[in-house]
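Here is the structure we will look at.
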Amino acid sequence: MLELMNHSTSKSPLRLPTSSNSANTSSLAGSCIDKSFSVPFRHRVWFCDDVFEGSETGCVSSILKECFADFDSDATPDTDPAKVQIWIDDQIADANPQWVDSLQQAIGAMGHLRLVGPAERIVGGEECKIDEAISERILERINDDGLDRRSYIVAVGGGAVLDAVGFAAAIAHRGIRLVRFPSTTLSQGDSGVGVKNAVNSFGKKNWKGTFSVPWGVVNDYALLRSLPDGDFVSGFSEAVKVSLLKSTEGFVSISESAAAIAAREEAVCRAVIEQSAELHLLHITEGGDPFELLEARPLDFGHWSAHKLEAVSGYSVCHGRAVSIGLAIDVLYSVRRTGFQLTDAARVIECLLQLGLPVWNELLDSNQSEILGGLEEFRQHLGGRLTVTMLADVGHPVNVHQIDHEIVSEAIEVLGNLHRAATAAKEAEGVFCVADFLEDVF
Ligand SMILES: NC(=O)c1ccc[n+]([C@@H]2O[C@H](COP(=O)([O-])OP(=O)(O)OC[C@H]3O[C@@H](n4cnc5c(N)ncnc54)[C@H](O)[C@@H]3O)[C@@H](O)[C@H]2O)c1
Ligand SMILES: [Zn+2]
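In the working numbering, each residue carries its 1-based index in the sequence shown increased by 2.
Quick look at the structure:
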């Protein structure tokens, strides 16, 4: 039997036999060739304040040179330049045309690349994931421009645009190199550094999608400056989420800097985004299940209700805000069922409120049975038994396989009362203490 290069890992993401790297078995019933193999991936994420710094002198930044370096190919000097196609969220194209020009110039200045045309605009926000004609259009352009597996697709945008363009890039030719420039706090700290992409189908979020490792990700802080305040703070719910799952110190640092984040202090925001990106990246690269083959989906903490709330609201509640509400529900649930301290739940809710994020929405009351139906959708998506991540402590997630609907309803009711009390206190310019409120009612 042929022996190929073998990069076996000690940790298999699948619960398959790993000891018999090469096993041939036969029995009366038939035979089986059973081989395990692993594919080494490289995941590169750069952070900078301005990726075009110094470009006035005609230089291309080292980040862009490295990002587009053809380290993986057999290219020779007479190989045709690799084609590059750019897709850009239309809000950035409008708010920051200079940035788009600079990107086109930088790509044009790299001899081994050839831009196939000016940047293509794409409608930003959830609409680009809902409208199937948009995915079709991206695929058509990829085909019309004759992109191949050595080409680059560059996606500049929020999580929605990165998801839609990333999905097309992943399925065209079974995968074209994708370079992401995330342009929202959420995408720089979470989705843009992930290995997933998806569009919505059958009225369900992310129904159609793939796992695919991007060629490179450039988190340019300059892109975030044109974000409206509401979109800016909404991304920090994912930073809170991942810190609750992975890092006690990380959660403390977000809690302590919540007011500074809401005020958009750049040094603080950048540090928190970088911490969030790093925790997500560590989960993907070292968590043992990058492509989510196992039943647990820890990064989806707070998401079972969030995804449903987004859909029920017709996507007027954005992902980041829905996740904030989902986290508030699940920390209260964790107090009742998995030993999470009430004082810690109060700290989480206080932090979300200080960030300027919601912990309740009236649709939770009017559409409660539909929201609870999100649990069944979650189970169907995972297959097998329901597995939802809750918290035993900050930094200590725990999986549960049943959700008590009555406790969820109680949590929603308490959050509704808390929301009203906090709003009234704010209007009266009074003080509202989440811990005292919860101590009294929960
Ligand atoms: N693939 C993943 O792993 C993953 C993880 C988390 C979230 N997501 C997805 O990400 C999406 C949410 O992404 P998001 O929170 O980044 O928001 P978004 O992409 O929906 O963008 C929000 C709004 O901001 C605009 N915008 C984007 N960048 C801008 C900028 N720099 N200046 C001005 N306006 C700008 C967009 O046009 C849009 O109107 C959801 O669809 C969610 O499901 C995916
Ligand atoms: Zn999310």
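Ideal Cβ placement from N, Cα and C applies to all residues, glycine included. Treat the numbers as computed from the prediction; the structure is a model and nothing was measured.
Indicate the three-state DSSP secondary structure (helix, strand or coil) for residue i in the structure shown.
i: Gly445; result: The chain is shown only over 3 to 444; residue 445 falls outside these bounds and no answer can be derived.
i: Pro184; result: strand
i: Val86; result: strand
i: Asn363; result: coil
i: Thr391; result: strand
i: Pro120; result: coil
i: Asn145; result: helix
i: Ser28; result: strand
i: Val41; result: coil
i: Gly218; result: strand
i: Val102; result: helix
i: Asn419; result: helix
i: Ser12; result: Low local confidence applies: a pLDDT of 40 at Ser12 is under 50, so the model's placement there is unreliable, and no value is given.
i: Pro230; result: coil
i: Pro399; result: strand
i: Cys353; result: helix
i: Asp406; result: coil
i: Asp332; result: helix
i: Leu115; result: strand
i: Asp96; result: helix
i: Asp72; result: coil
i: Asp302; result: helix
i: Asp91; result: strand
i: Val125; result: coil
i: Phe169; result: helix
i: Gly341; result: coil
i: Thr81; result: coil
i: Ser315; result: coil
i: Met7; result: Residue confidence for Met7 is low, a pLDDT of 39 falling below 50, so the modelled location carries little weight; the figure read from the coordinates is stated next. Coil at Met7, not helix or strand.
i: Asp346; result: helix
i: Leu295; result: coil
Quick one, are the C-beta atoms of residue i and residue j less than 9 Å apart?
i: Leu188; j: Val156; result: no
i: Ser185; j: Val167; result: no
i: Leu247; j: Thr391; result: yes
i: His309; j: Phe380; result: yes
i: Ala324; j: Ser307; result: yes
i: Leu388; j: His407; result: no
i: Ala170; j: Ser203; result: no
i: Val86; j: Val219; result: no
i: Asp192; j: Val244; result: yes
i: Gln370; j: Ala264; result: no
i: Phe293; j: Val436; result: no
i: Ser411; j: Asn363; result: no
i: Ile331; j: Leu440; result: no
i: Val270; j: Ser326; result: no
i: Glu240; j: Glu128; result: no
i: Val400; j: Thr340; result: yes
i: Ser63; j: Ala108; result: yes
i: Glu297; j: Leu384; result: yes
i: Leu115; j: Ile88; result: no
i: Arg151; j: Ile173; result: no
i: Asp233; j: Gly322; result: yes
Mind checking residue i: buried by the 16 CB within 10 Å criterion, or exposed?
i: Asn26; result: exposed
i: Pro300; result: buried
i: Val53; result: buried
i: Glu352; result: buried
i: Gly386; result: exposed
i: Cys320; result: buried
i: Cys69; result: buried
i: Leu6; result: Unreliable placement is indicated for Leu6, whose pLDDT of 38 sits below 50; no coordinate value is reported for it.
i: Val41; result: exposed
i: Ile35; result: exposed
i: Arg227; result: exposed
i: Ser153; result: buried
When the cut-off is 9 Å and only beta carbons count, does residue i lie next to chain D?
i: Asn202; result: Protein chains in the displayed structure number just one, and chain D is not present.
Determine which residues share a DSSP beta bridge with residue i and list them.
i: Lys198; result: Phe213
i: Lys206; result: Ser203
i: Phe49; result: Asn221
i: Tyr154; result: Val86 and Arg179
i: Gly159; result: Pro184
i: Asp438; result: According to DSSP, Asp438 bridges with nothing at all.
i: Ile35; result: Asn26
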